[in-house]
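Have a look at the structure below before the remarks.
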Amino acid sequence: MHTIYYSEEQKVTNKWLWLLMATITVVYIYGFTEQLILKQPFGQNPAPDWFLAIIGLIPLSLLFLMSTIKFSVQINEEGINYRFYPFHLSDKKINWDDIASIYVRKYNPIREYGGWGIRTLSFTRNIAYNISGNDGLQIELKNGKKILFGTQNPEELEKYLSHLNKIKE
Numbered sequence: 001m002h003t004i005y006y007s008e009e010q011k012v013t014n015k016w017l018w019l020l021m022a023t024i025t026v027v028y029i030y031g032f033t034e035q036l037i038l039k040q041p042f043g044q045n046p047a048p049d050w051f052l053a054i055i056g057l058i059p060l061s062l063l064f065l066m067s068t069i070k071f072s073v074q075i076n077e078e079g080i081n082y083r084f085y086p087f088h089l090s091d092k093k094i095n096w097d098d099i100a101s102i103y104v105r106k107y108n109p110i111r112e113y114g115g116w117g118i119r120t121l122s123f124t125r126n127i128a129y130n131i132s133g134n135d136g137l138q139i140e141l142k143n144g145k146k147i148l149f150g151t152q153n154p155e156e157l158e159k160y161l162s163h164l165n166k167i168k169e
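With the working numbering, the residue at position 47 of the sequence shown is 47, and numbering never jumps.
This is the structure we're talking about:
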């Protein structure tokens with residue numbers, strides 16, 4: 001077992017996103033109850049019952065997905081392990097020997113990567129794993145690929161990288 005020098009776990013905590021999804025789900029449950037249980041048409045041009053039942057899977061699935069998403073990063077003497085659950089079923093690993101440059105930086109998630117989540121730019125070799133915020137761990141690999149991990153603890157992360165003499169700019 002390897003000694004973990006730094007560990008961070010992030011979940012979806014954006015209150016506005018949870019509020020939006022909860023509102024959509026409540027409206028759906030109201031319409032579902034009104035039309036399928038109380039047998040009162042929902043809206044002026046109600047959807048068929050089967051469609052209303054199926055379309056409800058979308059907000060419920062998104063709420064479930066939001067509650068299970070978890071991004072974790074661990075730094076140890078061999079390198080960096082990360083996982084963006086449920087999209088990665090096991091840890092991914094970057095060995096220190098594969099890293100050309102690594103540093104903590106500010107970034108613009110929308111301008112640089114088009115938002116949050118697992119974001120790839122097909123015309124470059126860049127990928128970002130982020131849930132919220134605008135601080136990140138930038139990793140430039142020797143093969144030219146660039147990976148950015150969002151972080152909520154940039155100062156602590158930088159301190160650990162400095163302590164391990166791993167900051168390479």
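Glycine is no exception: its CB is placed at the ideal position from the N, C-alpha and C atoms.
Residue of the options minimising C-alpha distance to residue i
i: Pro86; options: Gly79, Ile118, Asn95 and Asp49; result: Ile118
i: Gly150; options: His88, Tyr103, Thr68 and Ser61; result: Tyr103
i: Ile110; options: Thr13, Tyr160 and Ala128; result: Ala128
i: Gln10; options: Lys106, Lys159, Ile24 and Phe71; result: Phe71
i: Asp97; options: Asn126, Tyr160, Ser67 and Glu140; result: Glu140
i: Thr23; options: Leu164, Leu63, Lys39 and Leu161; result: Leu63
i: Lys142; options: Ser101, Leu17 and Pro41; result: Ser101
Residue i versus residue j: straight-line alpha-carbon distance, rounded
i: Val73; j: Phe51; result: 41 Å
i: Asn130; j: Leu137; result: 10 Å
i: Gln35; j: Ala47; result: 9 Å
i: Tyr6; j: Leu20; result: 33 Å
i: Lys106; j: Leu157; result: 13 Å
Where the alpha helix (DSSP H) through residue i begins and ends
i: Ser174; result: Residue coverage of the chain in this structure runs from 1 to 169, which leaves residue 174 outside it and unanswerable.
i: Ala47; result: Run containing Ala47: none; DSSP gives neither H nor E here.
i: Ile75; result: No alpha helix (DSSP H) contains Ile75, which is instead part of the beta strand (DSSP E) from Lys70 to Asn76.
i: Ser132; result: First-last for Ser132: undefined, no H or E at that position.
i: Leu161; result: Pro154 to His163
Burial state of residue i, where buried means 16 or more other Cβ atoms lie within 10 Å
i: Gln44; result: exposed
i: Leu57; result: exposed
Enclosing beta strand (DSSP E) for residue i [first to last residue]
i: Thr120; result: Gly117 to Leu121
i: Arg83; result: Gly79 to Tyr85
i: Gly31; result: Per DSSP, Gly31 belongs to no beta strand (DSSP E); it is in the alpha helix (DSSP H), Lys15 to Phe32.
i: Ile4; result: Ile4 to Lys11
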